[in-house]
Amino acid sequence: MADRARTTGGILAWQGVIALSIPAVWEATWRLTGSTWISAPSLVAVRLAAWASDGLAEHIATTAEEIATGLAIGCACGVLCGLVLGRMPILAGILRPIIVALYSVPLISLAPLFIMLFGLGQLPQIVLVGIVVFFLIFFNTFAGAEAVDEDLIRTLRLMGATRSEVFRKVIAPASIVWITGGLKVALPYALVAATTGEMLGSRGGIGFLLNGAAQQFDMTSLYAAMVILMLLGILTSASAARLESWLLRWRHAAG
Amino acid sequence: MPPDKIQLIGASRDFEARGRRVQALQPIDLSIQPAEFVALVGPSGCGKSTILNMVAGLLGPTSGTVAYDGLPVTGLNQRVGYMTQKDTLLPWRDVEANIRIALELQCRPTSRADAAAKVREMIELVGLKGFEHHYPGELSGGMRKRAALARTLIYEPETLLMDEPFAALDAQLRLVMLDQLQFLTRSRQMTVLFVTHDLGEAITLADRVVVMSARPGRIRAIRKVPIERPLDVFTARFSSVFAKLHEELWDELKDEVTKGTDL
Amino acid sequence: MRPDLALTAGTPDSIADRSRRFFTGTTGRILARIVILAALFGAWQTLPGPGMRFWASDPVSIVAALAGWIIDGTLWRQLLATLTVMSTSYVLGCAIGVGLGLAFGLLPRLDKILSPFIFAAYALPKIALAPLLIILFGIGIASKIVLVTVVVFFLVFSSTIDGVHDTDPDLVRSLRLMGATRSELIRKVLIPSALPWIFTSMRIAVRYAFTNTLLAELIASNSGIGYLIAYHSGIYDAAGTYAAVLILVILSVALTEVLTRVEKAMSRWRA
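Chains as they are written, first to last, in my numbering: chain A, 1 to 255; chain B, 1001 to 1263; chain C, 2001 to 2271.
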């Protein structure tokens, strides 16, 4: 027991050492060489503070809006289509290879296409996120709806449930496991999609900041933008994990 | 004379297994009266579950007819409550919500308060008090079976089909459940078709016991159980009438059981 | 739900039953797909009005553009560029990932110490590294290879570590009791038990290499399929853009096919 505690303490200690020494070494290197390429944690922190009081919130909001809107639309359509098609085996059989083919395409690379079609605002990003999320969620929901245990359905039919009741009480909840799986992947993907779109052509958002910094060879701003993106990334992954444990309480209870 | 509740006339069933046609059930003739409790006993694979499935409308007979209330069964028979060997509890609902589900359906509208009261009653009946908010994944096999029983009984179907419902329970609990089942089915005049491999269980509860042969299944013997009902489940097996019937039926059964294991 | 009457003595087939069976068979399905696709392309070709036409283009023009690229060699050049970056990065990333992963995995606490940092690094959308890499390495092939290698590396690295850690401790204990040395343990137990993890991650890494190669080509590059898409959309050449997307779709499907075949072959060998 004490051994475990010592080890945990030891691990934390090492983590603390690493967490402190990385910025320390970085800062030291900058002070020694004075190179603008390297920049320094102190400079990055100052830049972040400057941004925070001058428009950072708007940029974060832009990116967040794109993600949220695209997610909402993509999820809703994906779940709907997935559930419906999952219970229409004939149509599903016909469309399956087409769907699988489309699913294998890295949809994020279509970003320039959407910018051409929809201009330089938030719309291309929303469409991109929406499509990426749609495919992910659709595919997962579809697989889930197909895979629902027939015995559960039969049991409820015997009790007198109508088709729509079976759908609402068995098929939809059963598919949630799969939908959640899709969401876990979709959330981080949405961030990547939104950022990519912004980097290619937009007037706002963190990707825009990143790109702008790169074009002006402003390393400090570049690193600052990367820090923000990393934090956003952590946020999206953590939210996805949280969502999963909430939706799947009954699974985790079983342990 | 009231019409038979359940009637099998020359009903047989074939299956396809690995490209070959296998006869699971030879033509069976069986009539079950309303409010009668009939037990089906037989070795594994004799087709007992198939008979239940046909009465429930999950399968059609390959030849012959299966009738319910005088009409042939076509499609799912929603007048029966079916408790299968595999408990099909919805894993995302807790025990309470699972038991309640039959009362949520529009075919039997129940007020929330009524439903809640019935669920409470059922939970006590099957001895799951304290576990209302547990999920099926957290329960033992026996507890899940009890929850499934509660779920089936709560809406009081006029007929009950039960496929080895108490096999996974320990001996004490089994007797308790048999007692409850007897009480419930008699007070509500339910017709019951009960499949079990335990001859003692069959004799304890049934008005008639049907012994089936090994695959392909046919009826080998039917005996009326000459014991006064209701009986004390806990002491029933000590009566001489019980023992005599048990011996008789066991004679029929044991040939079939060994036949099954030879394969 | 209809009861299963499959083996019931003959009831005549209704039209609904027959058509259901037809569309469940292979010929029926293929026919249905052809009809659906033909209808879609037909609509695409004929429906858009003059204003829409600029943005939507039409299948004939798209195929014509593609044909032009096949003839003048553009297709092959760009395809080669993408595949080169993809495969080089993949090999590099896997090699370094497995190597370092095994090394780190065998040092017991190192993994636990580093895990939050790896998690943070994971959280950064790798595409955000692209501008930095371009500043460092220019718009050529080097920055792309570095980016994709990093992506592949991360995946394979963390999976390898997980694989080493997933080894059944009882297995290790029993071999230790038999008298195995540390290197024998590594060779006979740890590495084999990590292999499924490694292979799975290498399989997933192919997709990642593909996607990120394309993304890197989008951001700032002068070669590759991604570049084709970016270039033609930048000059508002709809037909060209869609043609490039078509190449992308065909390439993706081909890649998936190849992967599936390889997987099947490998599982036969492994099992």
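Built from N, CA and C at the ideal position, the CB exists for glycine as well.
Check, Outcome
"Counting along the chain, where does the beta strand (DSSP E) carrying B:Val1038 start and finish?", "1037-1041"
"Given a limit of 8 Å on CB to CB distance, which residues of the region 1076-1087 of chain B reach chain A?", "Leu1076, Asn1077, Gln1078, Val1080, Gly1081, Tyr1082, Thr1084, Lys1086"
"Thinking just about the alpha-carbon of each residue, which of A:Leu247, A:Met116, A:Met230 is nearest to the one in C:Gly2240?", "A:Met116"
"If you follow the beta strand (DSSP E) that B:Gly1081 is part of, which residue opens it and which one closes it?", "1080-1083"
"Could you give the distance in angstroms between the alpha-carbon of A:Leu209 and the alpha-carbon of C:Glu2263?", "42 Å"
"So, B:Leu1008 versus B:Ile1051, is the Cβ gap smaller than 8 Å?", "yes"
"Are the C-beta atoms of B:Leu1263 and some chain A residue less than 8 Å apart?", "Unreliable positioning characterises B:Leu1263 in this predicted model, as indicated by a pLDDT of 45, which lies under 50. A coordinate reading is not provided."
"Name the DSSP bridge partner or partners of B:Asp1014?", "B:Gln1023"
"Along the chain, where does the beta strand (DSSP E) containing A:Ile108 start, and where does it finish?", "First-last for A:Ile108: undefined, no H or E at that position."
"Using the Cβ count rule (16 or more neighbours within 10 Å means buried), how would you classify A:Gln216?", "exposed"
"By Cβ distance, which residues of its chain are closer than 7 Å to C:Val2098, with the 5 residues on each side in sequence left out?", "Val2156, Thr2160, Ile2198"
"How long is the line joining the alpha carbons of C:Arg2176 and C:Ala2194, rounded to whole angstroms?", "18 Å"
"If you draw a straight line from the C-alpha of C:Ser2233 to the C-alpha of A:Pro112, how long is it?", "6 Å"
"Answer with yes or no whether the minimum CB distance from A:Leu158 to chain B is below 8 Å.", "yes"
"If we ignore side chains and look at the alpha-carbon of each, how far apart do A:Thr196 and B:Leu1128 end up?", "55 Å"
"Under the rule that 16 or more other beta-carbon atoms within 10 Å means buried, what is C:Tyr2236, buried or exposed?", "exposed"
"With A:Trp30 and A:Ile38 assumed to form a contact (beta carbons below 8 Å), what rounded beta-carbon distance in angstroms separates them?", "5 Å"
"Span of the alpha helix (DSSP H) holding B:Leu1181?", "1171-1187"
"Does the region 1162-1169 of chain B come within contact of the region 1133-1146 of chain B, defined as at least 3 CB pairs closer than 8 Å?", "yes"
"Just to confirm, does C:Met2266 get its C-beta within under 7 Å of one of the non-hydrogen atoms of the ligand ATP?", "Absence of the ligand ATP from the depicted structure is noted, as is the absence of any ligand whatsoever, leaving it without description."
"Less than 8 Å between the CB atoms is what I'm expecting for A:Leu243 and A:Ala145, so what's the real figure, rounded?", "20 Å between Cβ atoms; not a contact."
"Can the beta-carbon of B:Arg1021 be found closer than 8 Å to that of B:Asp1014?", "yes"
"Who does B:Arg1208 pair with in a DSSP beta bridge?", "B:Val1038, B:Lys1224"
"By Cβ distance, which residues of its chain are closer than 7 Å to A:Leu91, with the 5 residues on each side in sequence left out?", "Leu85"
"Pairs of beta-carbons, one from the region 2085-2092 of chain C and one from the region 2145-2155 of chain C, closer than 8 Å: are there three or more?", "yes"
"Report yes if the CB atom of B:Leu1040 is closer than 8 Å to the CB atom of B:Lys1048, and no otherwise.", "yes"
"Beta-carbon separation of A:Leu136 and A:Val100 under 8 Å?", "no"
"Under 8 Å between C-beta atoms, does C:Trp2069 make it to chain A?", "no"
"If contacts are defined as beta-carbon pairs under 8 Å, then C:Val2060 and C:Gln2078 qualify, I think. What distance do you get, rounded to the angstrom?", "In fact, because the Cβ distance is near 22 Å, the residues do not count as touching under 8 Å."
"Whose Cβ in chain A lies nearer than 8 Å to the Cβ of C:Ala2032?", "Ile94"
"Give the single residue among B:Met1190, B:Thr1084, B:Gln1033 whose Cα lies nearest to the Cα of B:Pro1271.", "The question about residue 1271 of chain B has no answer here: the residues shown for chain B are numbered 1001 through 1263."
"Spatial neighbours of C:Glu2257 within its chain, please: CB distance less than 6 Å, with the 5 preceding and 5 following residues excluded, ordered by chain position.", "none"
"Hey, would you say B:Arg1186 sits closer than 8 Å to B:Cys1046, going by beta carbons?", "no"
"Please state whether the Cβ-Cβ distance between C:Leu2251 and C:Ile2225 is less than 8 Å.", "yes"
"Which residues in the same chain as B:Gly1200 place their Cβ atom closer than 7 Å to its Cβ, once the five residues preceding and following it in sequence are excluded?", "Arg1237, His1246"
"Between B:Thr1110, B:Val1073, B:Gln1085, which lies nearest to B:Val1055 when the distance is taken from Cα to Cα?", "B:Val1073"
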